[in-house]
Amino acid sequence: MFLPGVTNESDTMLGTLGDELDGLRRSAGGLTAGQSRERTTRSQLTIGGIVKHVTFGLRTWATRFEAAPDPSQADRETDARVQEWVDSFALTDGETLEGALAEFDAARERLFAVIRRSDLDARAYHPAQPWFGLDATSVSIRWGVAHCLGEVAHHAGHADIIREQLDGATTESLMGVSWEPPSPL
C-alpha cells in the first residue's frame, strides 16, 4: 500500500499506479479458471480479460516510453493495433488466469523500470486513434503515466465489481480488512 507521505513526482505516480495494479491483481486472487472467465454484468468483461487487457496497456506504454521519441519503434499499423486491442479483452481457450497474471507481473515490472529511468518531460509518440478523431502526436511521458494510471484505475474498478458479484469478496475483504462505515445520524 502506498502510504501518505512526502515523495517526489515519479515515486508518487508509481506508488499510486502500483496501488491500482495491486487492487486489480487482488481481484483475481483465488479465482477458479471458470470464475476468471465468468461474466457477472451486462458487459463482456471478465476478470481474466481485464487482467489481459491491462497487461496489453502496460506493455504498450512501456514500448512507447522506451522508443521515445522515435515513433517507428512504438507504432504498428493501425488495423493490426486495433485488432490486438480488441483481442486483449478476453482470455483465449489456450490462456489461463495464472499465465495472464505472470504476464501482468512482468509487464508491470518492465513499465516501472522504464518509468524510473525516464525523464517525465521527455516526449513519447502517441499513434493516431482515428476512432476518436485523433491524429498521431507526441505526449510527455508524464502525460502517458497519468493516462495509464487513469486507465488502470478504471479497469481495477470494473474488476472489483465483477469480483464482488462472483463471490461477495470486496477490496477490503481481499486485503483482510474488516470495516463498516459508521451508521448515519
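Start counting at 1 in the sequence shown, then tack on 344, and there's your number in my numbering.
Beta carbons are placed, not taken as given, at the ideal position from N, Cα and C, and that holds for glycine.
Remember, it's a predicted structure, so these values are computed and weren't measured experimentally.
Item to check | Segment limits, alpha helix (DSSP H) that includes S517 | outcome: Looking at the DSSP string, the run of the alpha helix (DSSP H) that includes S517 is 515-518.
Checklist entry - How about A497 and R454: are their beta carbons less than 7 Å apart? => result no
Checklist entry - By the 10 Å Cβ neighbour count, where 16 or more other Cβ atoms means buried, how is M519 classified, buried or exposed? => result exposed
Checklist entry - From this set, H491, G401, L445, which residue's C-alpha is nearest L375's C-alpha? => result L445
Checklist entry - Under a CB-based cut-off of 7 Å, is Q427 close to chain D? => result As a matter of chain content, chain D is missing from the structure shown, which is built from one protein chain.
Checklist entry - Whose C-beta lies closer than 6 Å to the C-beta of L389 among residues of the same chain, with five residues either side of it excluded? => result H502
Checklist entry - Smallest Cα separation from G401: which of A372, E447, T360, G359? => result E447
Next on the checklist: For the pair the segment 504-517 and the segment 370-386, tell me if three or more CB-CB distances fall below 8 Å.
Outcome noted: yes
Item to check | Neighbourhood of G359 by C-beta, 6 Å cutoff - its chain only, sequence neighbours within 5 removed | outcome: F346
Checklist entry - Can you tell me whether DSSP reads S484 as helix, strand or coil? => result Residue state, collapsed to three classes: strand.
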